Each structure stands twice: as structure tokens, then as C-alpha cells.
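See structure below.
Residue numbers (our numbering): 7 to 129.
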């Protein structure tokens, strides 16, 4: 694992056409559906071991979870695979530290505060 990456840097990487970043959200599918970083892939942590080989090739990998703790484990797991030779980082602070827009399962984009009829964060 190559450490942690600031959530603002994740946004910069997403917008950089010269960097192919793979964002891996390790939450369960229902949490992912309530709101996730745009263009992220949902691979729940319990399934990650069997899915690392299926991750797309990328210049950089970033793992995401609610608070930035479990995503550290996920980043270590991805980095340990022989087929991965790109930097692998955990998003520092997780989604609670992320200020960017989140995409819901319906494809709409909401701010990190979500809607008024649910919890403040999509966990």
C-alpha cells in the first residue's frame, strides 16, 4: 500500500485525463446505492479477495469506505496482488471527509449531506 490520499486529491485525479484512476468503494451494495464517488466501482470488502483480478488496469487505485479505516485494509489487499503494479491508496477520512458530489443508484448527483429524508452520510 502506498499510504493515504486526501479526498480533494481524489477529485483532482478523477478530473485528470492523463491519469487512469480506479476508485474502489468497499461498502455493501445498499450503502453504495445511497451515494458514492462518481465513477467508483462497488466491490464489498468481503468479496474483494476474489475480485482483485477482475479490477480494471489503472495508473492508480484508491479505496473508499465510510471513515477511511477499512479502506486501508482493502488497499493493502489490492497492493499485495502480483498483478497490481500501480500505486494503491486509501482515501483519508473516507466518505465523511469527502466534499465532492455523490452519485446515487438512480444516477442523480447529490452533495455529501444527502437528502433531508435520510442520514447525513450514505453509509
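All residues carry an ideal CB built from backbone N, CA and C; glycine is no exception.
All of these numbers come straight from a predicted model, not from anything done at the bench.
DSSP places residue 46 in no beta strand (DSSP E); its state is neither H nor E. At the C-beta level, residue 27 and residue 90 stay beyond 8 angstroms of one another. Assignment of beta-bridge partners to residue 28 by DSSP yields 67.
Here residue 109 carries a strand assignment [DSSP, helix/strand/coil].
Residue 7 is not bridged by DSSP to any residue. Counting only residues of its own chain and dropping the five nearest sequence neighbours on each side, residue 10 has a CB closer than 8 angstroms to the CB of 74, 78, 95, 96, 97, 98. Annotated as distal: residue 104 and residue 58, with beta-carbon spacing of 8 angstroms or more.
Our two residues, residue 29 and residue 47, have alpha carbons roughly 6 angstroms apart in a direct line. In the DSSP assignment, residue 96 forms a beta bridge with 10, 69. In this structure, DSSP gives residue 101 a helical state, which the three-state scheme calls helix. Counting along the chain, residue 78 sits inside the alpha helix (DSSP H) bounded by residues 76-86.
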